[in-house]
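Let me begin by presenting the structure, written as structure tokens, before commenting on it.
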Ligand code: HEM
Ligand SMILES: [Cu+2]
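Protein chains in written order, with the working numbering: chain L, 1 to 559; chain U, 560 to 612.
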């Protein structure tokens, strides 16, 4: 029989199994963010030409560990916590299959450690993409496979919890939107993991010598079904966090449940097809396949993102106006709690994800334009705009609420927490911009030394390219300080935080029970401030897109 | 939360809402669609590439 406790802040009945699992998954996520973040700093400092911290071997080792630990381990562990939170707690249900859920946790941990050990040993520096015919040691692949099987079990628990919650009528009508967003993430995750199995199991056998060879193009097509889709799991989970935070801080209901759910449906239908954008310069695949999967399908998925980008701030605006912040276009925004890291992290995540990650992604996903930036530093610039200042920042903002609430402890360093989202968001946002700048000047990604000091053939990059890589290093340091403060705060709160005074807590969190746990729209579309902001975004989008066509036309002179 | 109750009661549930309320149907669509359009179509193209003599 499942046991429950009542959360003093929210009134939620919390299944004790879900409680423990959320905590363990979240803490483990943060530990891997720390490990992966340190490797990231080492990479950035190596690519800062004046510093050039690591030797070539260590650089590729650190880059492999960085990609694996932050992109896969940090994000997916945190998403497991979110899946249990949004199913069991938001639906007021017991968590289904708790034993399987523990198997999820343990398998992922064993897998993550196994792959890290393989990488640190130095014989598996194949980057997290592990393109064949570069071969890693068998335990590198085996670790990723175990990790993925664990994640699949987490999805099973999630869907089983949806099922029993529905059967036991723990909620009325349709499931709440936050849970629907998490379900979108879980659906994409199932496809992600199955594709991963299809490609990594044969690759494991190949590294053990049972299979002679694996076709490079075949590998890339199937691998990216996993590699790209896993990013879409992050996006869906991040947007579920946005809706959750709007509900938690402002008791904001979505402007329209129908519209928001349809936008998530676009994700389910189309996001994963965009995997093809990683193969836009690969010969052997037809333009029909490329363009159908990237342009047609991807634009529908992008439409989904733009809908969320409109309705999330719209929901906040509607809720703030209802509270009386009605003056002019932007009083609702000015009077928002900018000193609360839950809000500032959320707001920065929304803006930076749209401007840095979103616009550049559409540009790169265009078959013709892709050639300008493919495999340059522009690519990591783009995805630090999505997965770092978008997803990671959203997860940080969520943690500032989730951790004190679940553990019933005060934040350890509330003063530092106020600044943390700005430091991390602006530091990593700038890093993203500088990487894009360097990429535009032709600097390749995954490259130990662009000065080619020990090479027979050299290539002179413009001085500005060196400057961009240096600025990137400085920005990475600022972002790194922001990341360190987050980790310090979380670990400090969990292990050494003061127990919460029930009263002070209740004032901070007005009525989360409402909007996060029920179906229902705000019942208004009167959000003029949000529409103005959306127009600014669209203008930037269109201008940037056309500038890049112009730029493409300059790449090869025709005379 | 004004239209909270509109999800229940009066008349048949619209088709679109039935779809959105069916996690397992969505799961099948979400896995099936990219499998066919991205993976299977992509692999068919690779397999059709002639091998160099
Ligand atoms: C302190 C924070 C971070 C710093 C300083 C940092 C820095 C960097 C740099 C400079 C690169 C480019 C390396 C190259 O291509 O030569 C890189 C690659 C990468 N970063 Fe980060 N990063 C940070 C955080 C993150 C986070 C939080 C994520 C994901 C959630 C992430 C995901 C990645 C991935 C997937 C790559 C590509 C690795 C590869 O090419 O194999 N990074 N990072
Ligand atoms: Cu992608």
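Note that the Cβ used here is the ideal one computed from N, Cα and C, for glycine as well.
Quantities reported herein were computed from a predicted structural model and do not represent experimental measurements.
Query raised in the report: Got a sec? Which residues, its chain only, sit under 7 Å from residue 254/L by beta carbon, not counting five neighbours each side?
Result: The beta carbon of residue 254/L lies closer than 7 Å to those of 177, 243, 260, 311, 315, 521 and 522 in the same chain, with the five residues before and after it left out.
Query raised in the report: Using the beta-carbon of each residue, which ones in chain L are nearer than 7 Å to residue 584/U?
Result: Those do not exist, as residue 584/U stays about 10 Å from chain L at its closest Cβ, beyond 7 Å.
Requested in this report: Would you mind stating whether residue 362/L and residue 302/L have Cβ atoms separated by less than 8 Å?
Outcome: Yes, the pair counts as a contact, with Cβ atoms nearer than the cut-off.
**Report entry** CB contact below 8 Å: residue 509/L versus chain U
**Finding:** Because residue 509/L carries a pLDDT of 49, less than 50, the predicted location of this residue cannot be relied on, and the following value inherits that uncertainty. Chain U contact via Cβ: absent.
Query raised in the report: Just the Cα atoms here: how many angstroms apart are residue 390/L and residue 123/L?
Result: If you take the alpha carbons of residue 390/L and residue 123/L, they lie about 33 Å apart.
**Report entry** Nearest residue (CA-CA) to residue 99/L, options 179/L, 18/L and 109/L
**Finding:** When the alpha-carbon of residue 99/L is set against those of 179/L, 18/L and 109/L, the nearest one is in 18/L.
**Report entry** Ranges of the alpha helix (DSSP H) found wholly within the segment 30 to 97 of chain L, counting only runs of at least 4
**Finding:** Qualifying alpha helix (DSSP H) stretches, in chain order: 56 to 66 and 75 to 84.
Query raised in the report: Is there a Cβ from chain U that is less than 8 Å from the Cβ of residue 12/L?
Result: Judged by the 8 Å Cβ criterion, residue 12/L is not in contact with chain U.
Query raised in the report: In terms of DSSP beta bridges, what is residue 386/L paired with?
Result: Beta-bridge pairing links residue 386/L to no other residue.
**Report entry** Option in 174/L, 58/L and 57/L with minimal Cα separation from residue 577/U
**Finding:** Per the Cα distances, 174/L.
Query raised in the report: Considering residue 454/L, what are the terminal residues of the beta strand (DSSP E) in which it resides?
Result: Element bounds for residue 454/L: n/a, residue is neither H nor E.
Query raised in the report: Relative to ligand 2, is the shortest distance from any of its heavy atoms to the C-beta of residue 231/L smaller than 7 Å?
Result: Short note on residue 231/L: C-beta closer than 7 Å to some heavy atom of ligand 2.
Report task. Report buried or exposed for residue 507/L, applying the criterion of at least 16 other Cβ atoms within 10 angstroms of its Cβ. Result -> Reliability of the predicted coordinates at residue 507/L is poor, the pLDDT of 48 falling under 50, and no value is obtained from them.
Query raised in the report: For residue 376/L, which three-state DSSP category applies?
Result: The answer is strand: DSSP assigns residue 376/L an E or B state.
Requested in this report: Compute every distance between the C-beta of residue 384/L and the non-hydrogen atoms of ligand 2, then say whether any falls below 7 Å.
Outcome: The nearest non-hydrogen atom of ligand 2 is 7 Å or more from the C-beta of residue 384/L.
Query raised in the report: Just to confirm, does residue 366/L get its C-beta within under 7 Å of one of the non-hydrogen atoms of ligand 1?
Result: Relative to ligand 1, the beta carbon of residue 366/L is positioned no closer than 7 Å to any heavy atom.
Query raised in the report: Hey, how far is the Cα of residue 534/L from the Cα of residue 120/L?
Result: Taking the straight line from one Cα to the other gives about 46 Å.
**Report entry** Inter-stretch contact (C-beta, 8 Å, three-pair minimum) for the segment 442 to 455 of chain L and the segment 40 to 52 of chain L
**Finding:** Because the criterion of three Cβ pairs below 8 Å is met, the segment 442 to 455 of chain L and the segment 40 to 52 of chain L touch.
Query raised in the report: Is DSSP giving residue 323/L helix, strand or coil here?
Result: Coil, per DSSP.
Report task. Determine the direct distance from the alpha carbon of residue 524/L to that of residue 563/U, and round the result to whole angstroms. Result -> At residue 563/U the pLDDT is 44, less than 50, meaning the model places this residue with poor confidence and gives no usable figure here.
Query raised in the report: Name the DSSP beta bridge partners of residue 4/L, please?
Result: DSSP, once it has assigned bridges, lists 15/L as partnering residue 4/L.
**Report entry** One or two residues paired with residue 409/L in a DSSP bridge
**Finding:** According to DSSP, residue pairing for residue 409/L in a beta bridge involves 499/L.
Query - Cβ-heavy atom distance, residue 337/L to ligand 1, below 7 Å - result: Distance from the C-beta of residue 337/L to the nearest heavy atom of ligand 1 is not below 7 Å.
Report task. Put residue 507/L into one of helix, strand or coil per three-state DSSP. Result -> No answer about residue 507/L holds up, because its pLDDT of 48 lies below 50 and its placement is not dependable.
Query raised in the report: Under 8 Å between C-beta atoms, does residue 609/U make it to chain L?
Result: It does not: the Cβ of residue 609/U has no partner Cβ on chain L nearer than 8 Å.
Query raised in the report: Counting Cβ pairs closer than 8 Å, one from the segment 206 to 219 of chain L and one from the segment 103 to 122 of chain L, do we hit at least three?
Result: Because the criterion of three Cβ pairs below 8 Å is not met, the segment 206 to 219 of chain L and the segment 103 to 122 of chain L do not touch.
Requested in this report: Could you tell me how far apart the beta carbons of residue 88/L and residue 15/L are, in whole angstroms, since I believe they sit closer than 8 Å?
Outcome: In this structure, residue 88/L and residue 15/L form a Cβ contact; the two beta carbons are roughly 5 Å apart against a cut-off of 8 Å.
Query raised in the report: Which whole-angstrom value describes the C-beta separation of residue 318/L and residue 237/L, a residue pair presumed to lie in contact below a C-beta threshold of 8 Å?
Result: With a Cβ gap of about 24 Å, residue 318/L and residue 237/L do not count as contacting.
Query raised in the report: Which full runs of the alpha helix (DSSP H) of 4+ residues lie inside the segment 407 to 445 of chain L, going along the chain?
Result: Listed in chain order, the alpha helix (DSSP H) elements of length 4 or more contained wholly in the segment 407 to 445 of chain L are 414 to 440.
Report task. Inspect the beta-carbon positions of residue 493/L and residue 409/L and report whether they are closer than 8 Å. Result -> Result yes, Cβ atoms of residue 493/L and residue 409/L sit closer than 8 Å.
Query raised in the report: Would DSSP call residue 400/L helix, strand or coil?
Result: Of the three classes helix, strand and coil, the one that applies to residue 400/L here is helix, per DSSP.
Query raised in the report: What residues in its chain sit with their C-beta under 6 Å from that of residue 509/L, if we drop five residues either side in the sequence?
Result: At residue 509/L, the pLDDT of 49 sits below 50, so the modelled position is not reliable and the matter cannot be decided from this model.
Report task. Look at the Cβ atom of residue 485/L, then the Cβ atom of residue 416/L, and state whether they are nearer than 8 Å. Result -> Yes, Cβ-Cβ distance for residue 485/L and residue 416/L is below 8 Å.
Query raised in the report: Considering only C-alpha positions, which residue in the set 437/L, 309/L, 324/L and 341/L is nearest to residue 377/L?
Result: Closest in alpha carbon position to residue 377/L, among 437/L, 309/L, 324/L and 341/L, is 437/L.
Query raised in the report: Is it the case that the Cβ atoms of residue 330/L and residue 529/L are separated by a distance below 8 Å?
Result: Yes.
Report task. For residue 225/L, I'd like the list of residues in its chain whose CB is within less than 6 Å of its CB, leaving aside the five on either flank, ordered along the chain. Result -> Setting aside the 5 residues that flank it on each side, residue 225/L is surrounded in the same chain by 195 and 275, each with a C-beta closer than 6 Å to its C-beta; the list follows chain order.
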